[in-house]
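There are 4 protein chains.
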Amino acid sequence: SCFHSSSTVAQQPPLPHSRFFPPLEAAMLPDGTFRGRVAFITGGGTGLGRAMTATLSHLGAECVIASRKLEVLQQAADEISGQTGNKVHAVQLDVRDPQAVTRCVEHIESLTGLPDVIINNAAGNFVCPSENLSANAWKSITDIVLNGTAFVTLELGKRLVRSQKGAAFLAITTIYAESGSGFVVPSAAAKAGVEALYKSLAGEWGHYGLRFNIIQPGPIRTKGAFSRLDPTGQFEAGMLSRIPTGRLGQASEMANLASYLCSDYASWMSGAVIRFDGGEYVMMAGEFNELHKVTADQWKVMEKMIRSTKGS
Amino acid sequence: SCFHSSSTVAQQPPLPHSRFFPPLEAAMLPDGTFRGRVAFITGGGTGLGRAMTATLSHLGAECVIASRKLEVLQQAADEISGQTGNKVHAVQLDVRDPQAVTRCVEHIESLTGLPDVIINNAAGNFVCPSENLSANAWKSITDIVLNGTAFVTLELGKRLVRSQKGAAFLAITTIYAESGSGFVVPSAAAKAGVEALYKSLAGEWGHYGLRFNIIQPGPIRTKGAFSRLDPTGQFEAGMLSRIPTGRLGQASEMANLASYLCSDYASWMSGAVIRFDGGEYVMMAGEFNELHKVTADQWKVMEKMIRSTKGS
Amino acid sequence: SCFHSSSTVAQQPPLPHSRFFPPLEAAMLPDGTFRGRVAFITGGGTGLGRAMTATLSHLGAECVIASRKLEVLQQAADEISGQTGNKVHAVQLDVRDPQAVTRCVEHIESLTGLPDVIINNAAGNFVCPSENLSANAWKSITDIVLNGTAFVTLELGKRLVRSQKGAAFLAITTIYAESGSGFVVPSAAAKAGVEALYKSLAGEWGHYGLRFNIIQPGPIRTKGAFSRLDPTGQFEAGMLSRIPTGRLGQASEMANLASYLCSDYASWMSGAVIRFDGGEYVMMAGEFNELHKVTADQWKVMEKMIRSTKGS
Amino acid sequence: SCFHSSSTVAQQPPLPHSRFFPPLEAAMLPDGTFRGRVAFITGGGTGLGRAMTATLSHLGAECVIASRKLEVLQQAADEISGQTGNKVHAVQLDVRDPQAVTRCVEHIESLTGLPDVIINNAAGNFVCPSENLSANAWKSITDIVLNGTAFVTLELGKRLVRSQKGAAFLAITTIYAESGSGFVVPSAAAKAGVEALYKSLAGEWGHYGLRFNIIQPGPIRTKGAFSRLDPTGQFEAGMLSRIPTGRLGQASEMANLASYLCSDYASWMSGAVIRFDGGEYVMMAGEFNELHKVTADQWKVMEKMIRSTKGS
Ligand SMILES: NC(=O)c1ccc[n+]([C@@H]2O[C@H](COP(=O)([O-])OP(=O)(O)OC[C@H]3O[C@@H](n4cnc5c(N)ncnc54)[C@H](OP(=O)(O)O)[C@@H]3O)[C@@H](O)[C@H]2O)c1
Ligand SMILES: NC(=O)c1ccc[n+]([C@@H]2O[C@H](COP(=O)([O-])OP(=O)(O)OC[C@H]3O[C@@H](n4cnc5c(N)ncnc54)[C@H](OP(=O)(O)O)[C@@H]3O)[C@@H](O)[C@H]2O)c1
Ligand SMILES: NC(=O)c1ccc[n+]([C@@H]2O[C@H](COP(=O)([O-])OP(=O)(O)OC[C@H]3O[C@@H](n4cnc5c(N)ncnc54)[C@H](OP(=O)(O)O)[C@@H]3O)[C@@H](O)[C@H]2O)c1
Ligand SMILES: NC(=O)c1ccc[n+]([C@@H]2O[C@H](COP(=O)([O-])OP(=O)(O)OC[C@H]3O[C@@H](n4cnc5c(N)ncnc54)[C@H](OP(=O)(O)O)[C@@H]3O)[C@@H](O)[C@H]2O)c1
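Residue numbers (our numbering), protein chains in the order written: chain D, 1081 to 1392; chain Y, 1081 to 1392; chain U, 1081 to 1392; chain W, 1081 to 1392.
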């Protein structure tokens, strides 16, 4: 075929200064941190969801992963469970369907009891000029990201409230949820909605023992994200140049942050929104960061000109 | 009946210091500012939408207002047009239905040409503990607020792009779109989505001649909002006490701000999010604003205690 | 000399699509809006401060402008007053010196009475790699911008509180106050401080009749700003390319916004932060806005690749 | 004496539902995470600074703590070092004095080499109505918090850049840095400045191997903070009622978060601002969170009223 899947696209090497920012892949929390805990991860069979599942399982959690492709889930579950020795259940679920969500949650309840950790990670996205977006394309993304997250959160939340059981919720959004971004507009809107949902419930449902936090990842190579956001691989170099740490993130790094937020080490955190992006956001947003292009010689000239300026 | 409509609920008088913040109800822009312009306002038959329509019409715009209740729209259109002498068209539209949106926009195009000003103001909302929210209740709000705004914006946007015609878009969101809020969670999520949509398109579609701005109103008495957010009227006093300007806003004031943002006086504004709330948000969010309760005598005691503190 | 002052640097023409966003230079508020009002504007002799003074004076205000260079102030005062027929007073003031601020305010009080409108607009700034910043350079900026604004605001605020007189405060900050930005770091920090100061006082001092709002301008050509931020003029083209409205702002446009915020038309606005930047901020901050570079043909290829992607 | 120090003030018990959010006090990172690393902590002799020092030392770091009171520092250094077996150096420093900062950094450089971890934690604060603030009171806070942080950061930053050595910077700000707050206005302004400083440098200095992150703590009992912010102890109950997790934070919990951010586990995090506040901010800021007061019976009445509302 004339199209390569993103995983075969030539990848950019990290920038030299990324040597200052070495990724640490090992799990950082103490062994057994999640012993006796149940974690539910949507989209847990691939990409970041899979990495978070692997880390939670490694730390002792019994995991349930759910998405549309049962085969993918089952394989991931088997592999992770094989490595960690802890149970990982695969459950088919399309989060867009509220009745399917209810059935799934009932199933989980009977399988493992209500979860202690819930990670809303399932999402869809693709790049597209907004003038080409149909109402259907709009809904194809927002139904998964916003409604799907809401259905899962409300269904589990209600049952947790009813059972007077505490839990830690985590949503995976994106750095452009706050700023917005062209060319991924349904995703931006839906992820912003997810953030408001979580901040709202952090205030409303805290007294029921529920916490809600958010991670906004920057670019982390996964097949799912990169094949739909940079299918030709041509934007990766530009991306690297505006990430102060000079490299993409790694799924295992995000899994460490996620496991922290879902653990009792973070039991006082709620309503927090954590940017995890190598510094990309502040680099892009800062109006004068363009001046990185100025050479030392040019700075000398500019400095003199500035000094010689009289008045306003 | 044992239930009063909110308009009959005893209203709180403004606080004394609101005398420093007198509402100015007259239109502030020069006559004819919108002469020759067409404005499309969803939910333009009631509340804030009606006030914005009245002001734009007064300033010379030909207006099209659209929502579900044609009768209400028609009456508003007639009254406004009667006062201003400028045409106001009433068009029935349920913004949740993308095909209806397409038909409505086609109708407008033939009626007035594509609009120069588009105000996404239609919304639904009600207070409810989130553990009582069904999937349907969730969708009843987000379908209007987020999807409805998207359908209207995308449909008009595409046609404006195709016709190489500029326009100013305005969305009406709310102060809790950013912070989130319990008890109005679907609204918070959907309005946050609207904000991301607008910020995204401000960046993406500027070169097509389109601008996108947002007003986040605080509490402004309208039947629609207050009957569903404070049906008993019992929270209004609390609200007033945390509004630094000591009073609710008035629809005519917001109409002045909206008309500014949609006029060429603001032709350089895009991607802006303007809080219009009497100061309520910063008052609520500021951790130590509770100390307003401290009396002058208590301050003296506290000051001495602080001065006498040694070390950390 | 081998250095041109910025005003002689070749200026970039606006982009073609800026025709959709024509600047309106005339004053937008009704004549006499500020009749009988006194406005105090720091840095009112040059650039944006001068434009705001001219507009307020045109609308009937008696103005007091203050900065270090009395001659510049006096000339501006005379010119503006000559055009508008309303008094403009020039007062020498270095805002870094709290005693000078007290004396200046005493002088104003005897001259015009306490002002109804206070605009903290004076500032200093220059571009510089942060590793070259001395403690003195840091203080040279933050003393003007943050301490200067605080001294003026506290001194006037106290007296207004004591006299039970209301007033509208406005601070001019910048779009990078929130995001931060390299190469203008003292300015970023100080302007962020000013924003927190204003949001804080909006909550604390509302009940005294005082309102506080903020404008964050994007790039507007003034000699003061451009000679110190882009002395060679080489960054202007890059700037334009990321401003969705395709042009720089004009001082007169900002003066219209400022006059609105300081007028009773905005008497319900307090604690608001208004970005006025042609859309630059959302364009820079949005992660995928880079895709503006993708051609229509490339989009077709990318779309096919995305469609052909199977799984995650 | 008639004034109790805050530590003797009767403390509020946590709310019952805080049982869902048990504090975990043990260090969460693997032993030796900071082995071979040097950490510099301003204000490291008391409160949160001391807790962070203890955790870093426990995890293997050689620590240098600096503030004005050498005796306090020395005692803390000895105690911590006694427990962990790792060196803790006490250095006298007033961060307001740039020359003292330079000397201190020179001293550290010779003592331990340039640090790998820098925590700007020193601060001053007290509650006070802003109309009572003198210019000196303003400067007493902002000089420590903003200028002190800048002097330390610039001095160390320059040397790290020159030596081509990477490092992780962390600043401790507060939840009201973004929102502002009355009655702690100089602190709000200065902390907002610190945040902008850090976000700016995260973009500018990343390519030198430097990362910059921020923690915004909510209320954590320390003598330094509580004796100056709630000297009488009377506001603690109100505080608890708006913290969704129903309790204050603990210094050891914050130390875990801080150690994570300064470790290589977070080597991809830069420019992040992390709220660590038990959910207090979103609870305060959310406009309808007041409705927590509504009883189940009142909700039934309200629901009926809302359902019976016709039209807008
Ligand atoms: N990687 C990045 O750079 C990056 C950056 C920012 C944010 N994120 C976010 O990180 C999360 C994970 O992304 P990723 O990069 O790991 O991509 P991914 O592998 O494509 O993950 C998306 C997951 O969502 C599941 N999913 C999609 N539609 C679903 C539906 N209707 N019902 C249930 N599950 C569904 C998918 O499984 P099925 O196909 O089996 O349903 C898949 O496992 C997403 O929320 C994404 O937005 C990623
Ligand atoms: N008033 C406040 O204090 C306040 C505060 C914050 C934000 N806001 C926002 O301000 C805007 C106006 O609110 P308001 O107070 O003026 O209340 P309102 O009178 O109830 O306005 C809502 C309008 O939306 C229309 N609408 C509802 N569903 C629709 C649908 N499916 N399709 C088309 N139109 C629909 C309604 O007309 P039909 O019933 O005829 O469809 C109505 O005209 C809303 O966006 C609201 O969220 C108001
Ligand atoms: N132009 C832009 O693109 C832009 C963008 C973002 C923000 N801004 C902001 O807009 C405001 C006005 O800037 P501008 O572009 O009009 O530049 P400007 O003409 O250089 O204005 C700065 C003014 O501040 C006064 N000033 C400086 N130091 C002072 C001191 N110690 N005491 C009293 N007054 C002092 C100056 O007058 P003296 O020299 O006589 O003291 C001058 O009038 C500033 O706050 C700036 O940060 C401008
Ligand atoms: N505790 C909370 O609830 C809370 C909430 C939000 C933010 N914070 C922040 O957390 C940090 C630590 O606060 P804390 O609660 O632990 O209070 P703390 O014990 O009073 O800590 C402040 C430290 O700063 C040092 N310091 C003050 N002025 C200094 C100067 N001029 N030069 C050098 N060091 C100086 C003090 O030591 P010397 O007196 O020896 O100089 C002291 O060790 C602060 O940044 C504070 O703003 C705390």
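For each residue, glycine too, the CB sits at the ideal point set by N, CA and C. On a predicted model such as this, the values are computed, not experimentally measured, just so you know.
Taking only three categories from DSSP, how would you classify residue i?
| i | result |
| --- | --- |
| Val1264 of chain U | coil |
| Glu1360 of chain Y | helix |
| Ser1342 of chain W | Reading off the sequence shown, one finds Cys at residue 1342 of chain W, where the question assumed Ser. DSSP places Cys1342 of chain W in helix when its eight states are reduced to three. |
| Gln1154 of chain D | helix |
| Ser1190 of chain Y | helix |
| Glu1105 of chain Y | coil |
| Ile1224 of chain U | helix |
| Arg1183 of chain D | helix |
| Phe1231 of chain Y | helix |
| Glu1367 of chain Y | coil |
| Gln1058 of chain D | Since the first residue of chain D shown is 1081 and the last is 1392, residue 1058 of chain D is not available in this structure. |
| Leu1309 of chain D | helix |
| Arg1322 of chain W | coil |
| Gln1092 of chain U | coil |
List the whole-angstrom C-beta distance separating residue i from residue j, where the pair is believed to meet the contact cut-off of C-beta under 8 Å.
| i | j | result |
| --- | --- | --- |
| Ser1147 of chain D | Ser1261 of chain Y | Not quite, the Cβ-Cβ distance comes to about 31 Å (not below 8 Å), so this is no contact. |
| Cys1143 of chain W | Gly1112 of chain W | So it is not a contact: roughly 15 Å between Cβ atoms. |
| Glu1186 of chain W | Trp1348 of chain D | No, Glu1186 of chain W and Trp1348 of chain D are not in contact; Cβ-Cβ is about 38 Å, not under 8 Å. |
| Thr1325 of chain U | Gly1359 of chain U | 6 Å |
| Ser1247 of chain Y | Val1197 of chain Y | The question names Ser, yet the displayed sequence has Ala at residue 1247 of chain Y. Sure, about 7 Å apart at Cβ, within 8 Å. |
| Phe1292 of chain D | Cys1208 of chain D | About 30 Å; that fails the 8 Å criterion. |
| Gly1129 of chain U | Ala1305 of chain U | Not really, about 11 Å apart at Cβ, beyond 8 Å. |
Apply the 10 Å Cβ neighbour rule to residue i and answer buried if 16 or more other Cβ atoms are within range, or exposed otherwise.
| i | result |
| --- | --- |
| Ser1190 of chain Y | exposed |
| Asp1377 of chain U | exposed |
| Arg1308 of chain D | buried |
| Ser1086 of chain W | Note that Ser1086 of chain W scores 40 on pLDDT, short of 50, meaning its location in the model is unreliable; the coordinates nonetheless yield the value given after this. The residue in question, Ser1086 of chain W, is buried, as its Cβ has 16 or more Cβ neighbours within 10 Å. |
| Lys1271 of chain D | buried |
| Ala1269 of chain Y | buried |
| Ala1375 of chain Y | For the sequence presented, residue 1375 of chain Y should be read as Thr rather than Ala. Flag for Thr1375 of chain Y reads exposed. |
| Ser1388 of chain D | exposed |
| Gln1296 of chain U | buried |
| Leu1235 of chain U | Going by the sequence as given, residue 1235 of chain U is Glu instead of Leu. The residue in question, Glu1235 of chain U, is buried, as its Cβ has 16 or more Cβ neighbours within 10 Å. |
| Ser1321 of chain U | exposed |
| Thr1088 of chain U | Residue confidence for Thr1088 of chain U is low, a pLDDT of 40 falling below 50, so the modelled location carries little weight; the figure read from the coordinates is stated next. The residue is exposed, with fewer than 16 neighbouring Cβ atoms inside 10 Å. |
| Asp1158 of chain Y | exposed |
| Ala1317 of chain W | exposed |
| Glu1393 of chain Y | Past the boundaries of the shown model lies residue 1393 of chain Y; chain Y is included only from 1081 to 1392, so the question cannot be answered. |
| Glu1151 of chain D | exposed |
Could you pull out every unbroken alpha helix (DSSP H) segment of at least 4 residues lying fully inside the region 1266-1301 of chain W, listed in chain order?
none
Listed from N- to C-terminal order along the chain, which residues in the region 1163-1181 of chain W have their beta-carbon within a distance smaller than 7 Å of any beta-carbon of chain U?
Pro1178
Along the region 1346-1359 of chain W, what residues have a CB closer than 7 Å to any CB found in chain D?
Ser1347, Trp1348, Met1349, Ser1350, Gly1351, Ala1352, Ile1354, Arg1355, Phe1356, Gly1358, Gly1359
Near-chain Y residues of the region 1219-1230 of chain D - C-beta to any C-beta below 8 Å:
Lys1219, Thr1222, Leu1226, Asn1227, Ala1230
Contact residues within the region 1140-1152 of chain Y, judged by C-beta distance below 8 Å to chain W:
Lys1149, Val1152
What residues in the region 1315-1349 of chain U have a beta carbon less than 8 Å from any beta carbon of chain Y?
Ile1323, Pro1324, Thr1325, Gly1326, Arg1327, Gly1329, Gln1330, Glu1333, Asn1336, Leu1337, Tyr1340, Ser1343, Asp1344, Tyr1345, Ala1346, Ser1347, Trp1348, Met1349
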